[in-house]
Amino acid sequence: MAAAAASSTLHGVGAVASPKPRSAAPAAARRSARVAAVAAKGGAGPARGRLVARNAVAAKADEAAAAAGSKSGGHEVLMFEALREALIEEMNLDPTVCVMGEDVGHYGGSYKVTKGLAEMFGDLRVLDTPIAENSFTGMGVGAAMKGLRPVVEGMNMGFLLLAYNQISNNCGMLHYTSGGQFKIPIVIRGPGGVGRQLGAEHSQRLESYFQSIPGLQMVACSTPYNAKGLMKAAIRSENPVVLFEHVLLYNLKEKIPDEEYICCLEEAEMVRPGEHVTILTYSRMRYHVMQAAKTLVNKGYDPEVIDIRSLKPFDLHTIGNSIKKTHRVLIVEECMRTGGIGASLRSAIIDNFWDYLDAPIMCLSSQDVPTPYAATLEDATVVQPAQIVAAVEQICQ
Amino acid sequence: MAALWLARASSQLARRAARRLPPLPSRHGGEPSPWFLGSSVAAPPPVLGSPPLPPLERIARRGFCSVRRFAGESSAAAAAADEEEPENGFAGGGQAIDFPGGKVSFVAEMNFLPESHGERISCYRVLDDDGRTISGSRFQEVSKEVALKMYIEMVTLQIMDNIFYEAQRQGRISFYLTSNGEEAINIASAAALSIDDIVLPQYREPGVLLWRGFTLQEFANQCFGNSMDYGKGRQMPIHYGSNRLNYFTVSSPIATQLPHAVGAAYSLKMDKKDACAITYFGDGGTSEGDFHAALNFAAVMDAPVVFFCRNNGWAISTPTTEQFRSDGVVIRGQAYGIRGIRVDGNDALAVYSAVHAAREMAIAEGRPILVEALTYRVGHHSTSDDSTKYRPVDEIEHWRTARDPISRYRKWVQGNDWWSDAEESELRRRVRKELLQAIQVAERMPKPPIAELFTDVYDQIPSNLREQERLLRETIMKHPADYPTDVPV
Numbered sequence: 001m002a003a004a005a006a007s008s009t010l011h012g013v014g015a016v017a018s019p020k021p022r023s024a025a026p027a028a029a030r031r032s033a034r035v036a037a038v039a040a041k042g043g044a045g046p047a048r049g050r051l052v053a054r055n056a057v058a059a060k061a062d063e064a065a066a067a068a069g070s071k072s073g074g075h076e077v078l079m080f081e082a083l084r085e086a087l088i089e090e091m092n093l094d095p096t097v098c099v100m101g102e103d104v105g106h107y108g109g110s111y112k113v114t115k116g117l118a119e120m121f122g123d124l125r126v127l128d129t130p131i132a133e134n135s136f137t138g139m140g141v142g143a144a145m146k147g148l149r150p151v152v153e154g155m156n157m158g159f160l161l162l163a164y165n166q167i168s169n170n171c172g173m174l175h176y177t178s179g180g181q182f183k184i185p186i187v188i189r190g191p192g193g194v195g196r197q198l199g200a201e202h203s204q205r206l207e208s209y210f211q212s213i214p215g216l217q218m219v220a221c222s223t224p225y226n227a228k229g230l231m232k233a234a235i236r237s238e239n240p241v242v243l244f245e246h247v248l249l250y251n252l253k254e255k256i257p258d259e260e261y262i263c264c265l266e267e268a269e270m271v272r273p274g275e276h277v278t279i280l281t282y283s284r285m286r287y288h289v290m291q292a293a294k295t296l297v298n299k300g301y302d303p304e305v306i307d308i309r310s311l312k313p314f315d316l317h318t319i320g321n322s323i324k325k326t327h328r329v330l331i332v333e334e335c336m337r338t339g340g341i342g343a344s345l346r347s348a349i350i351d352n353f354w355d356y357l358d359a360p361i362m363c364l365s366s367q368d369v370p371t372p373y374a375a376t377l378e379d380a381t382v383v384q385p386a387q388i389v390a391a392v393e394q395i396c397q
Numbered sequence: 001m002a003a004l005w006l007a008r009a010s011s012q013l014a015r016r017a018a019r020r021l022p023p024l025p026s027r028h029g030g031e032p033s034p035w036f037l038g039s040s041v042a043a044p045p046p047v048l049g050s051p052p053l054p055p056l057e058r059i060a061r062r063g064f065c066s067v068r069r070f071a072g073e074s075s076a077a078a079a080a081a082d083e084e085e086p087e088n089g090f091a092g093g094g095q096a097i098d099f100p101g102g103k104v105s106f107v108a109e110m111n112f113l114p115e116s117h118g119e120r121i122s123c124y125r126v127l128d129d130d131g132r133t134i135s136g137s138r139f140q141e142v143s144k145e146v147a148l149k150m151y152i153e154m155v156t157l158q159i160m161d162n163i164f165y166e167a168q169r170q171g172r173i174s175f176y177l178t179s180n181g182e183e184a185i186n187i188a189s190a191a192a193l194s195i196d197d198i199v200l201p202q203y204r205e206p207g208v209l210l211w212r213g214f215t216l217q218e219f220a221n222q223c224f225g226n227s228m229d230y231g232k233g234r235q236m237p238i239h240y241g242s243n244r245l246n247y248f249t250v251s252s253p254i255a256t257q258l259p260h261a262v263g264a265a266y267s268l269k270m271d272k273k274d275a276c277a278i279t280y281f282g283d284g285g286t287s288e289g290d291f292h293a294a295l296n297f298a299a300v301m302d303a304p305v306v307f308f309c310r311n312n313g314w315a316i317s318t319p320t321t322e323q324f325r326s327d328g329v330v331i332r333g334q335a336y337g338i339r340g341i342r343v344d345g346n347d348a349l350a351v352y353s354a355v356h357a358a359r360e361m362a363i364a365e366g367r368p369i370l371v372e373a374l375t376y377r378v379g380h381h382s383t384s385d386d387s388t389k390y391r392p393v394d395e396i397e398h399w400r401t402a403r404d405p406i407s408r409y410r411k412w413v414q415g416n417d418w419w420s421d422a423e424e425s426e427l428r429r430r431v432r433k434e435l436l437q438a439i440q441v442a443e444r445m446p447k448p449p450i451a452e453l454f455t456d457v458y459d460q461i462p463s464n465l466r467e468q469e470r471l472l473r474e475t476i477m478k479h480p481a482d483y484p485t486d487v488p489v
């Protein structure tokens, strides 16, 4: 698919330092980013300053360098709008793209990602399904085998555990077991991750559970820019792709290009180039890392922050280049300690880049507990910026 | 308006009839509870592919059979009837209340719907046990050519099953499962479909693929997992698949293909194709969650799917008495708002007619249809099973001989002077020979090369799999004695 992949690996979202000029990737449209505060739901408990990161990192609007190669000013969107733009564009381009899920039609989706689509494309192409995740995912598999390109929405990623059978035994497998006769170009997406007091069942991190499934590709978006780009790429991919969105990031605001672009599914995103330590992260933890990065810079450290974006397969090229430069790795993830993405990433780094490491790989993950409801407890289960700062200090000793 | 009157009249008749009937003995032999008013009248005969009844007649008919024992109307019939009737008048004699889902009339007496109709839904059959058409039966005519092809393929399927089963016993293939006793279901249903209809099998329907033109050699190649297998040696035997013949690759987990069928039908609907999806499953498969949800989805979405249940009495060792408490599977269609029919699965002409009609309705009316074919699983569940452990040998023998669908159909074909004993032995000899040859050829063919271990996981091989392949090749090069010689590297 030779799309105009504005491969955006070198976005410098220089939140804290002026981005170093990069020779490669001239077409990467640098965009100004004003990352708004994450919608703070009825904030429970006093924010004890440093301990609890209630807001995402607010970058200064004039921080980014002049847009190179951007033809127009771009337009501001919230993350859910970016996802929606991607859907609309792809549905206009390709009549086989369709959407199915609970309340995606006239209700417009629980997070408004599909708002207005049913009016635009009709309620057959934007299909409201009864509540049976295993079955509408199965339906998506059947439709894909027959030539459609369904985008299946799980209202919350956690509910897709009910669809695990279809995803593992059929979605991931049928291309292989049919000898390549049937392909399954399906996109499975939905909000996941730890939110604000949503309770354990609504705070699942399914990337841990799905990462073993052969045949599946997994990506996690974290900004409106990459959300739109990844959604488009996922729809165009011939493979089944799981697109992980995060409940707390839907209201992030950013200016994205007016012209069409897609992001490469297998590429990681350089968030902040640096020299001292490679911090690998994705999704919401990216913002905790960038918050910690501010503190770290003040303390004299120069962390390199990479949003890995592609959870399966890992972009070992970008990651490897970084490790060869910094020789120290910290992984910051929202998955639980046991069997998470961090565990696999650590293993892949050891296999491939052992000789370049000057220190053991550190991995910060969520606790191995169901996510509690109480806000203070919930905050304690996920990684907070203070821990990230402490970890970097430890690694760099 | 006449239809309206008819609805009212027949529902009043229903109520009077209900009051006259004696109470059904309760399950535990005690006094029936005061709320349980009695037994039923027989369900109306199944619709034989005739054009759909106008809505009110359908309600009247349903009212007559389902209302039987209440003082008022059944809520479903009432709700449906109410859509057509004027606001203020209602035959029930009561007033209607408005709730999400429609109007229902209400009654002052508390009555529970009984758990069963009392009498089972009757079964459509065309041929009697001696292969003669039952007088007065209505069925879809078949030409001599099609009728003969059906017979020939049924025999071919039987022989194929026997020989592959023997091959497994001899250790030449690792696994097999037969469709013994279900040849009529396999072939007759396939004959009633068009090649554009999408087939989503469970695993006991190779006959559908056979009908469509899959050759004995192609079957053998898949069972032996050789380099000519379309599945590239990746699946167990009998997990056939052919996109060319619109037969989705078999996937072992039970009933997962039912939602796939709804998705495939959805795709056909989008393309406005003159075709339906048909999916097969056993009695055991109806216990899976996917069965429930797929039927529900199909009904809500008006998807053109034929849900074909092979109720063969056994799910490995679980008999249907332990699988469900309902009157088989056909009765459940109504719960989802799906039209259904129960058919004698060992009667080729009945199966043919039912599927023919079901398909027409599914496509013309954009609705799902449920077909329950009653039959018997003559063979063991698979080569990993010995069914004599859980069922009597004479029961198996009875169904294998006296109730064999092939000999029954043969009597009809020969009765038309379309077939002879001489042709029979010639056919069996020829098929057997072809099969043995196909097996020999398949066995000698090389297996897929190592490279095919890593292809088709994704559309392009990703770097991590390339790396794994490289490591595997290195290992094989270093230790060739530990690896089979007949697998090309």
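Chains as they are written, first to last, in the UniProt record's numbering: chain H, 1 to 397; chain E, 1 to 489.
Glycine residues also receive a C-beta, built at the ideal position from the N, C-alpha and C atoms.
Decide if the stretch 257-270 of chain E is in contact with the stretch 141-149 of chain H; the criterion is three or more beta carbon pairs, one per stretch, under 8 Å apart.
Contact between the stretch 257-270 of chain E and the stretch 141-149 of chain H is present, because at least three Cβ pairs lie under 8 Å.
Would you verify that the beta carbon of residue 342 of chain H is, or is not, closer than 8 Å to some beta carbon of chain E?
Stepping through the first sequence from its first residue, residue 342 of chain H is reached at position 342. Residue-level contact check: residue 342 of chain H does not touch chain E, since none of the beta carbons of chain E fall below 8 Å from its beta carbon.
Give a yes or no on whether the C-beta atoms belonging to residue 376 of chain H and residue 367 of chain H are separated by under 8 Å.
By 1-based counting over the first sequence, the position of residue 376 of chain H is 376. By 1-based counting over the first sequence, the position of residue 367 of chain H is 367. Cβ atoms of residue 376 of chain H and residue 367 of chain H: not closer than 8 Å.
Residue span of the alpha helix (DSSP H) that contains residue 373 of chain E, given as start and end:
Here residue 373 of chain E refers to the residue found at position 373 of the second sequence. Per DSSP, residue 373 of chain E belongs to no alpha helix (DSSP H); it is in the beta strand (DSSP E), 369-374.
Where do the ends of the beta strand (DSSP E) carrying residue 281 of chain H lie?
Working through the first sequence from its first residue, we reach residue 281 of chain H at position 281. 277-281 is the span of the beta strand (DSSP E), which, as asked, contains residue 281 of chain H.
According to the Cβ coordinates, are residue 355 of chain E and residue 463 of chain E closer than 8 Å?
As a position in the second sequence, residue 355 of chain E is number 355, starting the count at 1. As a position in the second sequence, residue 463 of chain E is number 463, starting the count at 1. No; because the gap between Cβ atoms is not below 8 Å, this pair is not in contact.
For residue 382 of chain H, which residues in chain E fall below 7 Å Cβ to Cβ?
Translated into the one-based positions of the first sequence, residue 382 of chain H becomes position 382. The premise fails here: residue 382 of chain H is roughly 29 Å from chain E at the closest Cβ pair, so nothing lies under 7 Å.
Spell out whether any CB of chain E is found under 8 Å from the CB atom of residue 77 of chain H.
If you number the first sequence from 1, residue 77 of chain H lands on position 77. Interface residue (Cβ-Cβ distance to chain E less than 8 Å): residue 77 of chain H is not classified as such.
Would you list the residues sitting across from residue 318 of chain E in a DSSP beta bridge?
The residue you call residue 318 of chain E lines up with position 318 of the second sequence. DSSP, once it has assigned bridges, lists E/315 as partnering residue 318 of chain E.
Closer than 8 Å to chain E by CB, residue 139 of chain H:
Position 139 of the first sequence holds residue 139 of chain H. Closer than 8 Å: yes.
Touching by the beta-carbon criterion (3+ pairs, under 8 Å), the stretch 184-204 of chain E and the stretch 356-363 of chain E
Contact holds: three or more Cβ-Cβ distances are below 8 Å.
Say whether chain H places a C-beta atom closer than 8 Å to the C-beta of residue 116 of chain E.
Within the second sequence, the letter at position 116 stands for residue 116 of chain E. For residue 116 of chain E, the answer is no, since every Cβ of chain H falls outside 8 Å of its Cβ.
Using only CA atoms, which one of E/271, E/273, E/303 lies nearest to residue 279 of chain E?
As a working note, residue 279 of chain E is residue 279 in the second sequence. Distances from the CA of residue 279 of chain E to each of E/271, E/273, E/303 were compared; the closest alpha carbon is that of E/303.
For residue 253 of chain H, list the residues DSSP reports as bridge partners.
Start at 1 with the first residue of the first sequence, and residue 253 of chain H comes out as number 253. H/78.
Segment limits, alpha helix (DSSP H) that includes residue 231 of chain H:
Taking the first sequence and counting its residues from 1, one reaches residue 231 of chain H at position 231. Secondary structure note for residue 231 of chain H: its alpha helix (DSSP H) is the uninterrupted segment 224-236.
I need the straight-line Cα distance from residue 98 of chain E to residue 105 of chain E, nearest angstrom please.
Residue numbering aside, residue 98 of chain E sits at position 98 when the second sequence is read from its first letter. Residue numbering aside, residue 105 of chain E sits at position 105 when the second sequence is read from its first letter. So the two alpha carbons sit approximately 9 Å from each other.
What are the boundary residues of the beta strand (DSSP E) that includes residue 127 of chain H?
The residue given as residue 127 of chain H occupies position 127 in the first sequence. Judged by DSSP secondary structure, residue 127 of chain H falls within the beta strand (DSSP E) whose first and last residues are 126-128.
May I ask you to list the residues that DSSP assigns as paired with residue 242 of chain E?
Start at 1 with the first residue of the second sequence, and residue 242 of chain E comes out as number 242. E/247, per the DSSP bridge assignment.
Under a CB-based cut-off of 8 Å, is residue 182 of chain H close to chain E?
Here residue 182 of chain H refers to the residue found at position 182 of the first sequence. By this cut-off, residue 182 of chain H is an interface position.
Establish whether the CB of residue 356 of chain H and some CB of chain E are separated by less than 8 Å.
What you label residue 356 of chain H is simply residue 356 of the first sequence in a count that begins at 1. Nearest CB-CB separation between residue 356 of chain H and chain E: not below the 8 Å threshold.
Under 9 Å, CB to CB, which of the residues in the stretch 174-201 of chain H have a partner in chain E?
The stretch 174-201 of chain H vs chain E, Cβ under 9 Å: 174, 175, 176, 177, 178, 179, 180, 181, 182, 183, 185.
Nonlocal neighbours in the same chain, by C-beta distance under 6 Å from residue 205 of chain E, ignoring five residues either side:
As a first step, residue 205 of chain E must be located in the second sequence, where it is residue number 205. Around residue 205 of chain E: 186, 280.
Taking all protein chains shown into account, decide if residue 92 of chain H is buried (16 or more other Cβ within 10 angstroms of its Cβ) or exposed.
Taking the first residue of the first sequence as position 1, residue 92 of chain H is located at position 92. Looking at its Cβ environment, which holds fewer than 16 other Cβ atoms inside 10 Å, residue 92 of chain H is exposed.
Endpoints, alpha helix (DSSP H) assigned at residue 389 of chain H
Taking the first residue of the first sequence as position 1, residue 389 of chain H is located at position 389. Residues 385-395.
Alpha-carbon spacing of residue 277 of chain H relative to residue 239 of chain H, whole angstroms:
By 1-based counting over the first sequence, the position of residue 277 of chain H is 277. By 1-based counting over the first sequence, the position of residue 239 of chain H is 239. Cα to Cα, residue 277 of chain H sits roughly 34 Å from residue 239 of chain H.
Report the partner residues of residue 307 of chain H according to the DSSP bridge assignment.
For the purposes of this step, residue 307 of chain H is taken as the residue at position 307 of the first sequence. According to DSSP, which records beta bridges pairwise, residue 307 of chain H is partnered with H/269, H/281.
Looking only at its chain, what residues have a beta carbon closer than 8 Å to the beta carbon of residue 167 of chain E, apart from the 5 residues adjacent to it on each side?
Walking along the second sequence from the start, residue 167 of chain E turns up at place 167. If we look at residue 167 of chain E and ignore the five residues flanking it on each side, its Cβ neighbours are 173, 176, 223, 439.
Contacts of residue 129 of chain H in chain E (Cβ-Cβ under 7 Å):
Residue 129 of chain H sits at position 129 when you count from the first residue of the first sequence. The contacting residues are 297.
Would the stretch 336-347 of chain E count as touching the stretch 394-408 of chain E if we require 3 or more Cβ pairs under 8 Å?
Output reads yes: the stretch 394-408 of chain E touches the stretch 336-347 of chain E.
Could you check whether residue 104 of chain H and residue 126 of chain H sit closer than 8 Å to each other, using their CB atoms as the reference points?
Here residue 126 of chain H refers to the residue found at position 126 when the first sequence is read from its first residue. Here residue 104 of chain H refers to the residue found at position 104 when the first sequence is read from its first residue. Taking 8 Å as the Cβ cut-off, residue 126 of chain H and residue 104 of chain H qualify as a contacting pair.
Proximity winner among E/111, E/480, E/157, E/107, relative to residue 428 of chain E (alpha-carbon distances)
Taking the first residue of the second sequence as 1, we reach residue 428 of chain E at position 428. Considering only alpha carbons, the answer is E/157.
Measure the Cβ-Cβ separation of residue 328 of chain H and residue 359 of chain H and say whether it is below 8 Å.
Counting from one through the first sequence, the residue named residue 328 of chain H turns up at place 328. Counting from one through the first sequence, the residue named residue 359 of chain H turns up at place 359. Yes, the Cβ-Cβ distance between residue 328 of chain H and residue 359 of chain H is below 8 Å.
Where do the N-terminal and C-terminal ends of the beta strand (DSSP E) with residue 380 of chain E fall, by residue?
Locating residue 380 of chain E in the second sequence gives position 380, where the first residue counts as 1. Residue 380 of chain E -> no beta strand (DSSP E), and no H or E assigned at all.
For residue 235 of chain E, which option in E/452, E/141, E/476 has the closest C-alpha, if you only look at C-alpha atoms?
Here residue 235 of chain E corresponds to residue number 235 of the second sequence, with the count starting at 1. Closest option to residue 235 of chain E, Cα to Cα, is E/452.
Contiguous alpha helix (DSSP H) assignments of at least 4 residues, all confined to the stretch 398-441 of chain E
Segments of the alpha helix (DSSP H) lying fully in the stretch 398-441 of chain E: 405-415.
For residue 126 of chain E, which residues in chain H fall below 8 Å Cβ to Cβ?
Locating residue 126 of chain E in the second sequence gives position 126, counting from the first residue. Taking a Cβ-Cβ threshold of 8 Å, none of the residues of chain H is close to residue 126 of chain E; the smallest such distance is about 32 Å.
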